[in-house]
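**Student:**
Residue numbers (the working numbering): 129 to 405.
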């Protein structure tokens, strides 16, 4: 009996081996460089049919030198403060453990993993200040990379784009993988930069269909870089994005992407729509 079992087992292995060998390997996207910009041209097409996701040929946002304005100012009286320079008590990691980011001289520095706000939000106004590390190291997506994720899935990119080219839909102020910023208003690394963002959460019907997409208006250093722009869904690497039904509120997440980006003066104001209670 043992010998028969061994023969049957060997025959099964011989029969199944060709089938396994014929299974095609999942193709990997090949990075290409066009005019000094690294990206991909074998990723899915954007819905408009003009560009691939992370296409290096997509036009770069025009560079705009930002003006000067008040920074690290006192939040509004009704603001929900998520970081006041003292500690990271308003944040956890994705598993609910204490946030691993460090606080140094009133500044929160990214480290080890993403962090997630304990509080959840829907429509909101966000103020956040960030600073890219000095000296700037790396290039493209490897230089000062972080991100702000509304409801944990709709990203506004944070990147050192001062003199650093990357694929247009991956630059600072962009809806990652979807819509490039209207302008590149980045300051040099080492200088504080300011985001002021109005985010409107998506609305879903009882059947899970999208009744209204997520929208965002973004100013970077006082320059409008997104004007009531709709998200095409959750933002992802090498994907144009799609919606999955979720609740009316969600956390804000800040990304750790192997770069030590500094943050300060983070606050939120919930902003309900005028036609909703």
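Heads up, the beta-carbon is just placed ideally off N, CA and C, and yes, glycines get one too.
For the structure I just gave you, are there three or more beta carbon pairs, one from the stretch 389 to 398 and one from the stretch 330 to 342, closer than 8 Å?
**Tutor:** No: the two stretches stay apart, fewer than three of their Cβ pairs being nearer than 8 Å.
**Student:** How about the stretch 218 to 229 and the stretch 240 to 253: do they share at least three Cβ pairs that are nearer than 8 Å?
**Tutor:** Contact holds: three or more Cβ-Cβ distances are below 8 Å.
**Student:** Helix, strand or coil for residue 166? Go by DSSP, reduced to three states.
**Tutor:** If DSSP states are grouped into helix, strand and coil, residue 166 belongs with the strands.
**Student:** Which parts of the stretch 289 to 326 are runs of the beta strand (DSSP E), unbroken and 3 residues or longer, counting only runs that do not cross its ends?
**Tutor:** Taking only runs of at least 3 residues, no beta strand (DSSP E) segment lies wholly in the stretch 289 to 326.
**Student:** Return the bridge partner residues of residue 397 from the DSSP annotation.
**Tutor:** Paired residue(s): 253.
**Student:** Please state the DSSP three-state secondary structure of residue 369.
**Tutor:** Here residue 369 sits in coil by DSSP.
**Student:** Leaving out five residues on either side along the sequence, give the residues of the same chain with a beta carbon under 6 Å from the beta carbon of residue 256.
**Tutor:** Correct list, in chain order: 323 and 394.
**Student:** Just to confirm the assignment, what range does the beta strand (DSSP E) spanning residue 356 have?
**Tutor:** Here the beta strand (DSSP E) through residue 356 covers 351 to 358.
**Student:** Is residue 285 helix, strand or coil by DSSP?
**Tutor:** Reduced to three states, the DSSP call for residue 285 is strand.
**Student:** Could you give the DSSP three-state label for residue 177: helix, strand or coil?
**Tutor:** Residue 177: coil per DSSP, three-state reduction.
**Student:** Which whole-angstrom value is the C-beta distance of residue 312 and residue 187, which I expect to be below 8 Å?
**Tutor:** About 11 Å; that fails the 8 Å criterion.
**Student:** With DSSP run on the structure shown, which of helix, strand or coil describes residue 280?
**Tutor:** Reduced to three states, the DSSP call for residue 280 is coil.
**Student:** Residue 178 to residue 308, Cα distance in whole Å?
**Tutor:** If I take the Cα positions, the gap works out to 13 Å.
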